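Peer 1: Here it is, the structure, as structure tokens.
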Amino acid sequence: QVQLVESGGALVQPGGSLRLSCAASGFISRWFLMSWYRQAPGKERELVATSTRFGSSTNYTDSVKGRFTISRDNAKNTVFLQMNGLKAEDTAVYYCNSKVAGIDYWGQGTQVTVSS
37 QVQLVESGGA LVQPGGSLRL SCAASGFISR WFLMSWYRQA PGKERELVAT STRFGSSTNY
97 TDSVKGRFTI SRDNAKNTVF LQMNGLKAED TAVYYCNSKV AGIDYWGQGT QVTVSS
């Protein structure tokens with residue numbers, strides 16, 4: 037059974053940092069595209085970052101380039117999102133995603149709130 041479990045969300049001040057984790061089970065995540073999405077209140081879910089198979093390349097939405105980094109720990113079957121220089125507009129629920137055998141899987145989400 038494929039499962040994705042996010043953790044690491046918190047309340048943080050502007051300029052602060054957080055590292056989100058996505059623990060995968062039921063499949064070997066390094067074989068698949070892994071992505072982070074976010075959804076702010078009243079807004080559509082948006083793609084934040086992707087890591088291609090084996091982590092060979094990464095892509096980011098423009099608003100987080102230079103601040104966020106997606107990475108993998110294959111031994112732990114876990115994907116991370118390191119977020120630095122957080123801004124109020126980064127406030128959202130962050131979701132981990134992977135498409136396995138043609139099916140989109142999502143975690144339950146983790147709340148990130150950036151506020152002073």
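For the sequence shown, the residue numbers in this note's numbering are 37 to 152.
Here a beta-carbon is modelled for each residue, glycine too, at the ideal position from N, C-alpha and C.
Just so you know, these numbers come straight off a predicted model, no measurement behind them.
1. Where do the N-terminal and C-terminal ends of the beta strand (DSSP E) with D140 fall, by residue?
2. What is the rounded straight-line gap between the Cα of L40 and the Cα of N110?
3. Suppose you measure from the CA of F116 to the CA of E42; what does that come to, to the nearest Å?
4. What are the residues that DSSP puts in a beta bridge with K135?
5. Going by DSSP in three states, S61 sits in which element: helix, strand or coil?
Peer 2: Straight from the coordinates:
1. Counting along the chain, D140 sits inside the beta strand (DSSP E) bounded by residues 139 to 142.
2. The alpha-carbon atoms of L40 and N110 are separated by roughly 14 Å.
3. In this structure, the CA atom of F116 is about 9 Å from the CA atom of E42.
4. The bridge partners DSSP lists for K135 are D140.
5. In the structure shown, S61 sits in a strand (DSSP, three-state: E or B).
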